[in-house]
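To keep things clear, I will list the structure first and then write my remarks on it.
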Amino acid sequence: MATVELSKINKYYGDLHALKNVSLSVADGAFVVFVGPSGCGKSTLLRAIAGLEGVSNGTINIDGQDVTNLEPADRDLSMVFQSYALYPHMTVRANMEFGMKVNRIPPAERKARIEEAAQVLQLTELLERKPGQLSGGQRQRVAIGRSIVKNPKVFLFDEPLSNLDAKLRVQMRIELEALHKELDATMIYVTHDQVEAMTMADQIVVLNGGRIEQVGSPMDLYHAPATEFVAGFIGSPAMNIFSATNALGADFAVPSGTSKLGIRPEHVQLGDTGHAGIIRVKEKLGSESYLYIMAGDDTQIVVKTDGEDSYNAGDTVNMIFRENRLHHFDADGQTLK
Ligand SMILES: Nc1ncnc2c1ncn2[C@@H]1O[C@H](COP(=O)(O)OP(=O)(O)OP(=O)(O)O)[C@@H](O)[C@H]1O
1 MATVELSKIN KYYGDLHALK NVSLSVADGA FVVFVGPSGC GKSTLLRAIA
51 GLEGVSNGTI NIDGQDVTNL EPADRDLSMV FQSYALYPHM TVRANMEFGM
101 KVNRIPPAER KARIEEAAQV LQLTELLERK PGQLSGGQRQ RVAIGRSIVK
151 NPKVFLFDEP LSNLDAKLRV QMRIELEALH KELDATMIYV THDQVEAMTM
201 ADQIVVLNGG RIEQVGSPMD LYHAPATEFV AGFIGSPAMN IFSATNALGA
251 DFAVPSGTSK LGIRPEHVQL GDTGHAGIIR VKEKLGSESY LYIMAGDDTQ
301 IVVKTDGEDS YNAGDTVNMI FRENRLHHFD ADGQTLK
């Protein structure tokens with residue numbers, strides 16, 4: 001277990017400024033998730049912590065030690081990749097043992113660690129199989145097992161669940177959360193799936209264009225996004241964001257300097273009075289539905305309803321906005337307090 005401290009990290013790939021002055025403190029035992037759109041620098045930042053990628057300037061401390069110029073193998077961390085990166089010709093046991101052999105862990109200790117990890121990850125029956133004889137989820141568990149047996153100070157995960165089908169992804173997500181509690185380990189996890197971020201993280205780090213946009217607990221980010229970008233990125237379906245000066249926005253009393261307004265789909269209700277709109281599309285998800293409503297001025301508002309509602313595409317409806325749930329953004333995309 002360990003803390004991770006990043007201080008003013010910059011990374012250039014030629015002219016491309018991929019990481020811009022990134023500073024971050026990861027607490028001992030925290031589960032921190034990096035999210036952001038494709039190309040925002042998530043993987044680069046994780047690989048920089050791992051030592052797989054050098055930084056142009058700035059420092060990385062793990063457990064109080066400056067590791068900025070250390071080789072990956074000397075940083076005492078382990079990384080689980082999207083591709084699992086298992087050795088196909090080796091059994092599960094040999095895959096898990098390999099790193100420990102390199103680190104000269106004695107055989108009895110290796111055996112004990114493998115058996116313990118196999119039990120936690122339900123791999124005991126599979127230890128003598130080769131990766132080709134395993135399902136995707138089982139392979140992923142082996143990749144995680146290989147990390148656990150190394151007993152690292154910090155676990156790094158680079159989109160480890162994105163090759164799994166939806167059901168298995170949810171299962172593995174829950175297993176990883178349980179594992180985090182059981183090991184009490186510091187974990188840093190990269191994903192572009194904001195549901196994974198919301199459900200797994202103690203702290204979410206939202207990256208945008210190589211910069212940290214906001215750091216906070218999932219609920220902080222959901223309820224108090226610091227910027228329009230975070231407001232639009234966290235939450236599914238996304239927050240409705242519309243101009244403060246169009247026909248819809250002009251109806252609200254807003255703080256001076258407000259350029260745009262935002263409201264989450266569950267904070268708009270349908271009733272007998274309110275802003276009129278026409279339902280363009282209704283998406284039925286079973287337990288809930290999303291109504292895509294045209295509210296004039298080309299403003300589309302998404303409203304979340306329960307799965308039992310009787311609205312249909314083409315219906316005219318009235319929307320009631322819960323004004324205490326409105327978010328106000330200035331012209332620079334900053335949230336107005
Ligand atoms: N080896 C490299 N050489 C040059 N540019 C790179 C290299 N690796 C990444 N980049 C660029 O750096 C930026 C950040 O890339 P990075 O892979 O960290 O993004 P990401 O947020 O992980 O994206 P994704 O979700 O698509 O994996 C991108 O513009 C990318 O094209």
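All residue numbers for the sequence shown refer to the UniProt record's numbering, where the first residue is 1 and numbers rise by one.
Using N, Cα and C, we set each Cβ at its ideal position, and we do this for glycine too.
Suppose contacts are defined by Cβ-Cβ distances below 8 Å. Is residue i in contact with residue j by that definition?
{"i": "residue 210", "j": "residue 239", "result": "no"}
{"i": "residue 33", "j": "residue 86", "result": "no"}
{"i": "residue 339", "j": "residue 63", "result": "Nothing about residue 339 can be read from this structure; the chain reaches only from 1 to 337."}
{"i": "residue 233", "j": "residue 187", "result": "no"}
{"i": "residue 247", "j": "residue 296", "result": "yes"}
{"i": "residue 267", "j": "residue 318", "result": "no"}
{"i": "residue 200", "j": "residue 177", "result": "yes"}
{"i": "residue 348", "j": "residue 96", "result": "Residue 348 falls outside the range modelled here, since the chain spans only 1 to 337, and no answer is possible."}
{"i": "residue 314", "j": "residue 284", "result": "no"}
{"i": "residue 155", "j": "residue 260", "result": "no"}
{"i": "residue 80", "j": "residue 131", "result": "no"}
{"i": "residue 207", "j": "residue 41", "result": "yes"}
{"i": "residue 114", "j": "residue 93", "result": "yes"}
{"i": "residue 46", "j": "residue 149", "result": "no"}
{"i": "residue 138", "j": "residue 126", "result": "yes"}
{"i": "residue 140", "j": "residue 100", "result": "no"}
{"i": "residue 305", "j": "residue 278", "result": "no"}
{"i": "residue 272", "j": "residue 289", "result": "no"}
Could you tell me the alpha carbon to alpha carbon distance between residue i and residue j, rounded to whole angstroms?
{"i": "residue 280", "j": "residue 241", "result": "18 Å"}
{"i": "residue 264", "j": "residue 300", "result": "13 Å"}
{"i": "residue 228", "j": "residue 331", "result": "10 Å"}
{"i": "residue 57", "j": "residue 9", "result": "6 Å"}
{"i": "residue 6", "j": "residue 21", "result": "10 Å"}
{"i": "residue 68", "j": "residue 236", "result": "37 Å"}
{"i": "residue 15", "j": "residue 55", "result": "14 Å"}
{"i": "residue 335", "j": "residue 205", "result": "17 Å"}
{"i": "residue 72", "j": "residue 19", "result": "19 Å"}
{"i": "residue 104", "j": "residue 147", "result": "16 Å"}
{"i": "residue 166", "j": "residue 193", "result": "12 Å"}
{"i": "residue 286", "j": "residue 258", "result": "37 Å"}
{"i": "residue 117", "j": "residue 136", "result": "18 Å"}
{"i": "residue 123", "j": "residue 65", "result": "34 Å"}
{"i": "residue 327", "j": "residue 170", "result": "31 Å"}
{"i": "residue 35", "j": "residue 23", "result": "15 Å"}
{"i": "residue 13", "j": "residue 108", "result": "45 Å"}
{"i": "residue 254", "j": "residue 244", "result": "8 Å"}
Classify residue i: buried if its beta carbon has 16 or more other beta carbons within 10 angstroms, exposed otherwise.
{"i": "residue 219", "result": "exposed"}
{"i": "residue 89", "result": "exposed"}
{"i": "residue 322", "result": "exposed"}
{"i": "residue 112", "result": "exposed"}
{"i": "residue 31", "result": "buried"}
{"i": "residue 213", "result": "buried"}
{"i": "residue 256", "result": "exposed"}
I need the DSSP call for residue i, collapsed to helix, strand or coil.
{"i": "residue 163", "result": "coil"}
{"i": "residue 382", "result": "Nothing can be reported for residue 382: it is not among the residues displayed for the chain, which extend from 1 to 337."}
{"i": "residue 311", "result": "coil"}
{"i": "residue 298", "result": "coil"}
{"i": "residue 124", "result": "helix"}
{"i": "residue 21", "result": "strand"}
{"i": "residue 285", "result": "coil"}
{"i": "residue 181", "result": "helix"}
{"i": "residue 326", "result": "coil"}
{"i": "residue 336", "result": "coil"}
| task | Tell me the start and end of each unbroken beta strand (DSSP E) in the region 244-282 that is at least 3 residues and wholly inside, in chain order. | result | 260-263 and 268-271
| message | Quick check on the DSSP output: what are the complete beta strand (DSSP E) runs of length 3 or more inside the region 38-120, in order along the chain? | response | 57-62 and 77-80
| task | Jot down the residue ranges of each uninterrupted beta strand (DSSP E) in the region 187-254, minimum 3 residues, whole runs only, in chain order. | result | 203-208, 211-216 and 240-243
| Complete beta strand (DSSP E) runs within the region 133-162 (minimum length 3 residues, chain order) | 154-158
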